[in-house]
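Quick mapping for you: the protein sequence lines, in order, are chains A and B.
Going by my numbering, the first residue of the first sequence is number 1, and it counts up by one from there.
Going by my numbering, the first residue of the second sequence is number 80, and it counts up by one from there.
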Amino acid sequence: MSTIDRIKNVAAELLKVEASRVQETSRFVEDLGADSMQSIELVAAFEEEFDIEMDEDAALGVKTVGDAVGFIDRVIADG
Amino acid sequence: MNSEQYLALTPEAIKILKSNGCWSRSWSKVKVTRGFDPTRIAGTIFRGQVRIGRLEGEFLPKDGIRRYAGIFDANLHNVHIGDNCHISNINGWLSNLVIENNVLIENAGSIVCQGETSFGNGHSIEVLNEGGGRELKITEMTSAQTAYLSTMYRHDTDLIKALDEIADKYARSVISDRATIGEGAKLFHCQNIVNVNIGKGAILRGIQNLKEGTIASSPEASTFVGDGVIAKNFIIQKGAYVSDGALLASTLIGEASKIGKQFSAENSVMFCNSEGFHSEVCSIFAGPYTVTHHRSTLLIAGMFSFFNAGSGTNQSNHMYKLGPLHQGIIERGGKTGSSSYLLWPSRVGAFSAIMGKHYANFDSSDFPFSYVNEDGGQSTLVPGMNFFTVGTMRDGLKWPTRDGRKNTDKLDQLNFEILSPYTGQKMMKGQSILLELYAGAEKGQEYVSHKGILIKRLLLKTCSRYYRLALEKYLGDALIARLTAGSVKDKSELVGQPEGADDGDSPWVDVSGLLCSQSRLEGLLDGIKTGEVSDLLTLQIELQKIHGTYDLDEWSWVINAMPQVYGFENLNAENLLTVLEKWKNSSTKLLNMVEMDASKEFEGNVRTGFGIDGHQDDDFYEVRGKFKSNSFKKQLDEMRQAVESNYDQSLAIFNNL
């Protein structure tokens, strides 16, 4: 499964929204309704999904699903 | 003035007094000082032994109407009046009083002393546990620390016996059948005051009823007790403000505390810089900086400090079984959100924010800086999250600036530090518990439970990292403070135990505002039990000494903690460079996360309600301003620059050692 699909699945499950609502351009807060606690849980869920560790303050600055793909791909690439 | 210096009234003076409408059955019992001016007394009845000082000079109170020293329309019974007092319009009696120099009493009912009394000193109150068992003997010298020991160390019966004796000894020392109104005190429109000592420079205005108490005051820390106050069995310490219909029963109000707006307190202590308005407290131990401002809030059977109660905060301490015997603890720095509820017994970790209603008994004391939330009727915890909020950082900056105590002999010993060995040890333990819980949890599990509260499994690792980051920040702060203090001459001094310090192994405790190692405190407890410390003044001095060792003992704890936190095999000078590097990184991260939290105050839903008929953004910017120009944001930018400069400076100092 591609990075974006895995991100969409994690976001849909955690934010309890239909998977079809989660698009590349979706903003986690404004479009998908993530509150501040859920934003932190999303970071944790992505870490678990991809078995990575992310820098919190940088990760919390990510606004959209598409940005998350780029961010996570970079973390994976950096090892 | 001693009694030999008082003279009998001359026949001429008696004649003048009589012509001024004064009366006495026995003029020989009225004694005066040399140079006494009888023309300054009118309409006054003298009963029993009355001594009067020189009546010269004048007062200019805030109302701008000049009062002259003298006694006008007063009823005096067994009263010693000092020099230059103004006493007028006493409808009842001034009876069994020592009125010191320069006192003004105007439009009073009765101010009397009836029989022997200790003026509220030694009075036993049922603090923390309404059902009793933690009785505290309050005195005007009771500090937050002495009260903490008396209330919380009940397991040590020898200590409690000794502390009770110390309080009793003080009470015995003030027992008298005469109440004192201290030099420079001013009393206006007071109705009924019975068995109350009033300290120097106190201002009393429009009091309704005071009985069995002490109002401590000093010229530099004047205490104000104002309109409509009703108090019985009470102690009000220096610099406090109590007014506007406050009701106090068996209660101690600490130095520079502010009480008013129909606040009600019973069987409670509220130590320095506390504030109580509108609300009700019952059997609480309110350490320094406990604040409750809202009418709908009840604090009951709890221990607090550096605490802010939201509106509608409530707790319950019984379940209709064996009565109100449960108690709760919210460790320092707690906050409750609006309409929050806690079922006692529970214990909440330091610097935590409590939101929602909690019907389960839990203990989150291993997890400081947490959010305690309610999720679908269950209590949930987000450990470490509150460390990164604007509120916690602002609290840490504001408390020292809001210390209203003006007296030099401050009773309560305070450490304002948010990051300290006390919170540091808790974060180390919390971090370890979180990782253990993570290791033991199933992947499909949403929550894990710890001591009655749920933690989201997904957040276990994240929150343990929060603690790690906070610890790196703290240990680095301590290293930088040590380096920049200029006292270290050699690198080896940085890694060795400082002379005279605690061994660094001992746990740290929060003695209601005073942070110290348990071993340091135990030394004091031994001294109390052996009788080496046998009075309140000595106890106070010993507590001050402990307070004075904070920096030394803190460093000892820090160098003990460093190998555990960073995984160093041994602590050596080179390792300290790693500490500095990590500090720079964690400090910057912290500031970034606090800024992110602060920026939420300017984004999205926060603008709801602005621009009622359009122009929402413009309205918001005019009222709230823009984030980039916000003063706190600017402060954060300055702190970020300070991280860079502190790092460079510390590194340079370190390399030159």
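Ideal Cβ positions, reconstructed from N, Cα and C, are used throughout, including at glycine.
A quick note: this is a predicted structure, and the numbers were derived from the prediction, not measured.
CB of residue i within 9 Å of CB of residue j, strictly
i       : j       : result
F430(B) : T369(B) : no
A325(B) : F303(B) : no
R133(B) : A148(B) : yes
P367(B) : G333(B) : yes
W106(B) : L88(B)  : yes
L656(B) : L730(B) : yes
L226(B) : V206(B) : Note that residue 226(B) is Ala in the sequence shown, not Leu. Result yes, Cβ atoms of A226(B) and V206(B) sit closer than 9 Å.
K705(B) : E674(B) : no
G201(B) : R251(B) : yes
A557(B) : E633(B) : yes
G483(B) : N352(B) : yes
F441(B) : I363(B) : no
M464(B) : L60(A)  : no
N157(B) : R126(B) : yes
S390(B) : S417(B) : yes
Simplified DSSP state of residue i, which is helix, strand or coil
i       : result
F115(B) : coil
M80(B)  : Reliability of the predicted coordinates at M80(B) is poor, the pLDDT of 46 falling under 50, and no value is obtained from them.
R146(B) : strand
Y450(B) : strand
W28(B)  : Residue coverage of chain B in this structure runs from 80 to 736, which leaves residue 28(B) outside it and unanswerable.
Y438(B) : coil
A121(B) : strand
C595(B) : strand
G693(B) : strand
F385(B) : coil
I497(B) : coil
T221(B) : coil
Y85(B)  : coil
Amino acids of chain B, ordered along the chain, whose beta-carbon sits closer than 8 Å to that of residue i
i      : result
L60(A) : M672, M675
V22(A) : None at all; the shortest Cβ gap to chain B is about 18 Å.
D57(A) : K668, N671, M672, M675
Top-ranked residue by Cα proximity to residue i, from the options
i       : options                            : result
Q457(B) : F467(B), M434(B), F446(B)          : M434(B)
A380(B) : I497(B), T230(B), E525(B)          : T230(B)
N639(B) : Y526(B), L573(B), G463(B), T123(B) : L573(B)
N186(B) : C269(B), G475(B), L618(B), F699(B) : C269(B)
K679(B) : Y545(B), N99(B), K110(B), G470(B)  : G470(B)
P140(B) : N154(B), K663(B), R104(B), G263(B) : G263(B)
E410(B) : G136(B), D454(B), S591(B)          : S591(B)
R27(A)  : A77(A), K16(A), V65(A), D35(A)     : V65(A)
L498(B) : S543(B), D488(B), L514(B), L554(B) : L554(B)
L490(B) : G428(B), K535(B), T480(B), A300(B) : A300(B)
N99(B)  : Q224(B), A121(B), K108(B), Y85(B)  : A121(B)
Cutoff 9 Å: residue i Cβ touching any chain A Cβ
i       : result
R547(B) : no
G416(B) : no
T218(B) : no
L537(B) : yes
N452(B) : yes
M464(B) : yes
R544(B) : yes
R719(B) : no
C-beta neighbour in chain B for residue i, strict 9 Å
i      : result
A45(A) : yes
E18(A) : no
Neighbouring residues, chain A, relative to residue i (Cβ below 9 Å)
i       : result
V461(B) : M37, I40
G683(B) : V29, E30
S679(B) : Here the sequence assigns Lys to residue 679(B), which means Ser is not the residue at that position. Residues of chain A passing the Cβ test: S36.
K540(B) : A44, E47, E48, E53
Residue-level contact to chain D via CB, residue i, 9 Å cutoff
i      : result
V29(A) : Protein chains A and B are contained in the structure displayed, whereas chain D is not.
Under 9 Å by beta carbon: chain B residues contacting residue i
i      : result
E49(A) : Chain B residues near E49(A): none, gap ~10 Å exceeds 9 Å.
Contact test: residue i Cβ vs the ligand ADP heavy atom, cutoff 8 Å
i     : result
D5(A) : Among the components of this structure there are no ligands whatsoever, and the ligand ADP is therefore not found.
Chain-ordered chain A contacts of residue i [CB-CB under 7 Å]
i       : result
T687(B) : Simply none; closest approach about 14 Å.
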